[in-house]
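The block underneath contains the structure these notes are about, expressed in structure tokens.
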Amino acid sequence: MAKILIIDDSPTDVRVFTTLLEGAGHVVSAVSTAEEGVERVRADLPDLVIMDVIMPGMNGFQATRTLTRDPVTAAVPIVMITTKSMETDRVWGLRQGARAFITKPVKEKELLACINDLLPSAA
């Protein structure tokens, strides 16, 4: 069981991901802005973050870069999940420090496999 933080401004996506992840036995919390997400990661140090890219204010690329360059939060794996499907978006997300980049709509098995691969207990 892992603590997973969802950073996404879509209530529908948050609900879908929460249901899926809680069904897999994880403890899930969510915030709707990247700024709040950065602060929550610093405060709670979750086991993994699911990060949307397109959000008002700070976007997911900026938040990922902020978290992965901070020594306190750098070890927290980030999975970017977005509608941005261009290869350049994937490359950019990974260059910002994301450990995985998944495009929407997300396949349940793909997401769970990705999370299991990234969680420290799976190593």
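In the UniProt record's numbering, the protein residues as written are 1 to 123. Quick reminder that beta carbons are idealized off the backbone N, C-alpha and C, glycines included. A quick note: this is a predicted structure, and the numbers were derived from the prediction, not measured.
Here residue 52 is buried, its C-beta having at least 16 other C-beta atoms within 10 Å. Rounded to the nearest angstrom, the Cβ distance from residue 46 to residue 3 is 4 Å, consistent with a contact under 8 Å. Between the alpha carbons of residue 92 and residue 61 lies a gap of roughly 8 Å. When DSSP reads this structure, residue 29 sits in a beta bridge with 5. Judged by DSSP in its simplified three-state form, residue 50 adopts strand.
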